[in-house]
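Engineer: Dropping a structure here in structure tokens format, bear with me for questions.
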Ligand code: TXA
Ligand code: MG
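In the numbering used here, the protein residues as written are 18 to 355.
Below, the structure is given as structure tokens:
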């Protein structure tokens, strides 16, 4: 299959929408990462998303909408709290898991009776949905297990020859995938996957925000994940990722120098000095910047031939929790503490 590279202009968005209507797969930009889209209500089209990614069939897809009215045919119920969150955070990087409407195929929801829905903020994404005239199911546009792509070139690296088109909307601002929540009751927001909309941002909208244990640690094999995606090892580059929890840069640097081998790199904060004798890349000082760069750096480290990467540990508050979670998952939740 030839994969077309389309541009973010009205004519190409029209072509992309025609492909979606015809049951084809089109990767498109969002404010978080690139998505691999198909008509969410077309079972065959959705099946081909799973095939193109090599994604397990029990890992549900997020359904993307371009206006709130589209919820009526996707969610069987819309609790007050969900409506308030949608009004405050959409369009934006918040996915809300709701009881699914019968019109949503079980293939899309990974066999669940719930469906994750979000309205992306990227104008090209919303234009594509609007022009396609249907909700668009889209996981991140990487091959299963790889870091999510934040540029059209990264989508091509993973998906060329497997999908009909990539709509190039430039580099994604956010860099990590959306915050995923469900509502345990009228007063509890359950954070399933952290993103740029943080637990702190959600707190004013509920009596409590409960952070799922899968955010912090590997679930035991016999535990049922509240969000199926969280049980899979994920986001991992080819290089071995080793987060180092050190009290400061000097302690980090000493430890890395003492353990450096051939092919070893470090991923530092912007404000860190170099680690003598060890090549490095940087990913920012604050959570938001680190989120923007993390997956980009993973792919660049692979391209540079890194074998092992010692990473300075991000914070765990605000947007930092999303960076911490992706890093931990790339590392299989193993941390070096010095
Ligand atoms: O930012 C994003 O969310 C990107 C862009 C393309 O929108 N999409 C994305 O999709 O990251 P994906 O498929 O890579 O991740 C979806 C996550 C998975 O962890 C999945 O298990 C969870 O959302 N999810 C989806 N529907 C769910 C549901 N009904 N119940 C629980 N978790 C759900
Ligand atoms: Mg993904």
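We put the CB at the ideal spot given by N, CA and C, even for glycine.
At 4 residues or longer, what runs of the alpha helix (DSSP H) sit wholly inside the region 56–108?
Structural biologist: Taking only runs of at least 4 residues, the alpha helix (DSSP H) segments lying wholly in the region 56–108 are 60–70 and 97–106.
Engineer: Give the secondary structure of residue 160 by DSSP, where H, G and I count as helix, E and B as strand, and everything else as coil.
Structural biologist: Note: residue 160 maps to coil in three-state DSSP.
Engineer: Let me know the secondary structure DSSP gives residue 223 once reduced to three states.
Structural biologist: Three-state DSSP puts residue 223 in coil, outside helix and strand.
Engineer: Whole angstroms are fine: how far does the CA of residue 299 sit from the CA of residue 215?
Structural biologist: Distance between the alpha carbons of residue 215 and residue 299 is about 23 angstroms.
Engineer: Taking the DSSP output, what are the residues bridged to residue 23?
Structural biologist: DSSP lists 184 as partners of residue 23.
Engineer: Hey, which unbroken runs of the beta strand (DSSP E) at 3 residues or more fall wholly within the region 194–260?
Structural biologist: Within the region 194–260, the complete beta strand (DSSP E) runs of at least 3 residues are 196–202, 205–210 and 225–228.
Engineer: Measuring alpha carbon to alpha carbon, tell me which of 218, 350, 189 and 149 ends up nearest residue 31.
Structural biologist: Of 218, 350, 189 and 149, the residue nearest in Cα terms is 149.
Engineer: Apart from the five residues on each side of it in sequence, which residues of its chain come closer than 8 angstroms, Cβ to Cβ, to residue 160?
Structural biologist: For residue 160, where only same-chain residues beyond five positions count, the Cβ hits under 8 angstroms are 70, 71, 175 and 176.
Engineer: Does DSSP classify residue 124 as helix, strand or coil?
Structural biologist: Residue 124 falls in the coil class under three-state DSSP.
Engineer: Over the uninterrupted alpha helix (DSSP H) stretch that includes residue 140, give me the two end residues.
Structural biologist: 140–149 is the extent of the alpha helix (DSSP H) around residue 140.
Engineer: Verify the contact flag: residue 24, CB atom, against every heavy atom of ligand 1, threshold strictly below 7 angstroms.
Structural biologist: Result no, Cβ not under 7 angstroms from ligand 1.
Engineer: Residue 129: beta carbon under 7 angstroms from a heavy atom of ligand 1?
Structural biologist: Yes, Cβ of residue 129 sits closer than 7 angstroms to a heavy atom of ligand 1.
Engineer: Look at the Cβ atom of residue 55, then the Cβ atom of residue 65, and state whether they are nearer than 8 angstroms.
Structural biologist: Yes; because the gap between Cβ atoms is below 8 angstroms, this pair is in contact.
Engineer: DSSP on residue 284, reduced to helix/strand/coil?
Structural biologist: Here residue 284 sits in strand by DSSP.
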